[in-house]
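In what follows, a single structure is set out as structure tokens and then discussed.
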Ligand code: SF4
Ligand code: SF4
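Next up, the structure:
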């Protein structure tokens, strides 16, 4: 997520996104003007670890989770945090991504942002004349073109296959294939109790 006007990260969110109205709860307290990195926080809290696709993988549910946080100094009893490494480098997510956004070094988030928005020909909402005048038409539709922050932002306006939400999140039109194959792989490896089968 963006922090204090930094426009260089998080390609999923509109460039106008800011925490404009953050104010301290009491004099002398810091303003809540930063956003938690949910993935890092989930990992630190011992819920799982990040895979090559960048998502937190948990033994019980793979990657299909939403994390919700309450920050408190209340004395709480904790259970044992997950220890170990969930991603075994199987490479299923690398093969599954239609936009070739994942490699053994991790995920290229700009590349992902373009194909998440449906630039690959497998997008069921794509019409036959999509990008027909673009000289790189074929490479883009096949997931072969490499995008960086500039070229990704340039192509976003062509990728409005469905309406965006009012807070700027765009619909996922890649089918989240990276997470589906990963979760299948993890479910085969671990039982629902988080124990190796
Ligand atoms: S699919 Fe395999 S390589 Fe990819 S994140 Fe999951 S466990 Fe790691
Ligand atoms: S499958 Fe979709 S969400 Fe996963 S890395 Fe590729 S484009 Fe991004």
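Numbering (the numbering used here), first residue to last: -14 to 182. Heads up, the beta-carbon is just placed ideally off N, CA and C, and yes, glycines get one too.
Cβ shell of residue 55 (< 7 angstroms), same chain only, five flanking positions each side left out:
If we look at residue 55 and ignore the five residues flanking it on each side, it has no Cβ neighbours.
Taking residue 166 as the reference, which of 49, 14, 91 and 30 has the closest Cα?
49
Contiguous alpha helix (DSSP H) assignments of at least 4 residues, all confined to the segment 130 to 173
134 to 140
Taking the alpha carbon of residue 84 as the reference point, which residue from 158, 15 and 143 has its own alpha carbon closest?
Checking every option, the nearest Cα to that of residue 84 belongs to 158.
For residue 27, name the three-state secondary structure that DSSP assigns.
helix
Taking only heavy atoms of ligand 3 into account, decide whether any of them is closer than 7 angstroms to the Cβ of residue 97.
In the structure on display, ligand 3 does not appear, and the ligands it does have are ligand 1 and ligand 2.
By the 10 Å Cβ neighbour count, where 16 or more other Cβ atoms means buried, how is residue 155 classified, buried or exposed?
buried
Status (buried if at least 16 other CB within 10 Å, exposed otherwise) for residue 93:
buried
Between which two residues does the alpha helix (DSSP H) carrying residue 16 extend?
Note, residue 16: premise wrong, no alpha helix (DSSP H); not H, not E.
Close beta carbons around residue 132, own chain, < 6 angstroms, minus the five adjacent residues each side
95, 96 and 99
Following the continuous alpha helix (DSSP H) through residue 98, name the residue where it begins and the one where it ends.
Note, residue 98: alpha helix (DSSP H), 94 to 101.
Mind checking residue 1: buried by the 16 CB within 10 Å criterion, or exposed?
A caution first: residue 1 carries a pLDDT of 44, below 50, which makes its placement in the model unreliable, though a value can still be read off. Exposed.
Looking at ligand 2, does it come within less than 7 angstroms of residue 83, judged from the CB to the closest heavy atom?
Indeed, a heavy atom of ligand 2 lies less than 7 angstroms from the Cβ.
Among 30, 65, 142 and 118, nearest to residue 52 - alpha-carbon criterion:
30
Straight-line gap, residue 91 to residue 12 (C-alpha atoms, nearest Å):
Going from the Cα of residue 91 to the Cα of residue 12 covers about 42 angstroms.
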